[in-house]
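> Note that the numbering used here gives residue 158 to position 158 of the sequence shown, counting from 1, and the numbers run on in steps of one.
Ideal Cβ positions, reconstructed from N, Cα and C, are used throughout, including at glycine.
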Amino acid sequence: MDGIEIDGLHISIMKGVYPPSEDTFLMIDALKSAEVSGSGLELCSGTGAIGLVAVGRLDFIVAVDINPLAVENTRRNYLENNLYAKLCAVAGDLFAPLKKVGFDVILMNPPYLNDDEGSPKDVSWSGGGAGREIVDRFLGSVGGFLSREGRAIFLQSDLNGIDESLGRAESMGMVGKVLRSINFQFESLVAIELKHANSLQKD
Ligand SMILES: C[S@@+](CC[C@H](N)C(=O)[O-])C[C@H]1O[C@@H](n2cnc3c(N)ncnc32)[C@H](O)[C@@H]1O
């Protein structure tokens, strides 16, 4: 089985699971300077690499992926890095397996590439016709799963409308800002942080 080292963690990569790539590394980089504590949720976990880098600062983390192999891979990696006691990993579609509890940190590197034929084929990368299918569903629900002072950090491509995402977040009572971006091949990958707008108001 393939594997890589990230920040002193060994990440095994099972066949059929998205391997940590530039987008994963950008999320990891963004996380390093972000305030992260309390309870965590990683959506679209893949190998679990992003959550693994954060979990040392968290009380526990719930990881969700629609691909059962990715869930198995996430479990394996927490086990191999002696962090399994902090993990609950489940197979499912975004927030569907969860009750509306408030997580302090929500992380997501979703499938975000445009699928030219309009219907998602490979769930590891295809974000549907405009590349926004998962991002838009995430933006529609994330506020209901984030604690009052919590933060969500997710990734998308600049080809699919950064301003559109920030606008949608605003319409859902949240504020967003770009935390990190890098140019990669034909696009920029962008890590965006969201908070509840009312968490920024003084009581
Ligand atoms: C681009 S990969 C990122 C994997 C990992 N987070 C990383 O950064 O290496 C996207 C992941 O989202 C998962 N996924 C796709 N659609 C999903 C959905 N509706 N709900 C949960 N996970 C989904 C895929 O199985 C894949 O593991």
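Going by Cα to Cα distance, which pick from K100, K121, S188 and V135 is closest to L146?
When only C-alpha atoms are compared, the closest one is K100.
> Express the C-alpha separation of N183 and A96 in angstroms, rounding to a whole number.
Rounded to whole angstroms, A96 to N183 spans 33 Å at the Cα level.
> For A85, is the classification buried or exposed, using 16 other Cβ atoms within 10 angstroms of its Cβ as the cut-off for buried?
Per the 10 Å Cβ criterion, exposed.
> Should M27 and L107 be called a contact, given that it needs their Cβ atoms to be closer than 8 Å?
Yes, these two residues count as a Cβ contact at 8 Å.
> Going by DSSP, name the residue or residues bridged to F103.
According to DSSP, F103 bridges with L146.
> Using DSSP with H/G/I as helix, E/B as strand and the rest coil, what is E187?
Residue state, collapsed to three classes: strand.
> Given a cut-off of 8 Å on the beta-carbon distance, is the pair N109 and D23 in contact?
Closer than 8 Å, so yes.
> Tell me whether F95 sits in a helix, a strand or coil according to DSSP, three-state version.
Residue state, collapsed to three classes: coil.
> In this structure, what does DSSP give as the bridge partners for E42?
Bridge partners of E42: A63 and L107.
> Provide the residue span of the alpha helix (DSSP H) that contains E5, from first to last.
Element bounds for E5: not the alpha helix (DSSP H) but the beta strand (DSSP E), D2 to I6.
> Nearest-angstrom Cα distance between L88 and I61?
One point to set straight first is that residue 88 is Cys, not Leu, in the sequence displayed. Going by the C-alpha atoms only, they are around 6 Å apart.
> Specify, as a first and last residue, the run of the alpha helix (DSSP H) that S255 falls within.
Examination of residue 255 is not possible in this model, given that the chain is present from 1 through 203 alone.
> Which stretch, first to last residue, makes up the alpha helix (DSSP H) that contains L58?
Neither: L58 is in no alpha helix (DSSP H) and is coded neither H nor E.
> Do the CB positions of V64 and S45 come within less than 8 Å of each other?
Cβ atoms of V64 and S45: closer than 8 Å.
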